[in-house]
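Terminal number for the sequence shown in our numbering: 565, no gaps in between. Positions of the beta carbon are idealized from the N, C-alpha and C atoms, including for glycine. In what follows, a structure is listed as structure tokens, so that the remarks can point back to it.
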Amino acid sequence: MENFNQIFTLLAEQESIGLNTDILETGLINILALLAILIYTGRDFLGSLLEERKTTIVKGVQDAEDRLNEAQKRLTEAQKQLNQANLVISEIKNETITTKKVLLESDAFQAKKDLTVRFERALATFRSKERQIFVEIKQQIVFIVLQRTVSRAQETFKSKERAITLINETINKLEGDLL
């Protein structure tokens, strides 16, 4: 920092900054000669370094392009496999739905069949009970009619012979109606 301050102090004392045009005094020829020698002698060295660097860069770019192409091929293959997997999944879903429908239809058919059998049994039982009740009611009606007939016959006919004949005739008529 002290040197920096000294430079500004010298510049301030000189009161102006100027361009020195004396080539020999500034050493411009020496600098140009040095640069020419460096370029002439270093051309082969720098050229080979730059050529190696260029080759390395080109090879790196080529490798990167090859990896990119390989990655794109693998991506395309993976997409094909994904599409195939999606098709298989879709087929499995469709088969599952179809199987569910078949099972449900089978279960519904079996349930319908079971209900039909149960309903037919219940209906047969109902008809059997209905016939039984009808026969019982018919027997009770016949019994009541016979009782009334007997009691009327006894009131109407005091003699036993006439009553027995009338009762037998009524029983014969009722037997024909019952059968």
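Original post:
Do the CB positions of residue 528 and residue 560 come within less than 8 Å of each other?
Top reply: In contact: residue 528 and residue 560 (Cβ atoms closer than 8 Å).
Subject >> Collapsed DSSP secondary structure at residue 378 in the structure displayed >> reply: Look at the range of the chain in this structure, 387 to 565, and you will see that residue 378 is not part of it.
Subject >> C-alpha gap between residue 558 and residue 532, whole angstroms >> reply: One C-alpha to the other measures close to 12 Å.
**OP:** Report the three-state DSSP secondary structure of residue 428 (helix, strand or coil).
**Re:** Helix at residue 428.
Original post:
By DSSP, does residue 446 sit in helix, in strand, or in coil?
Top reply: When DSSP states are grouped into helix, strand and coil, residue 446 belongs to the helix group.
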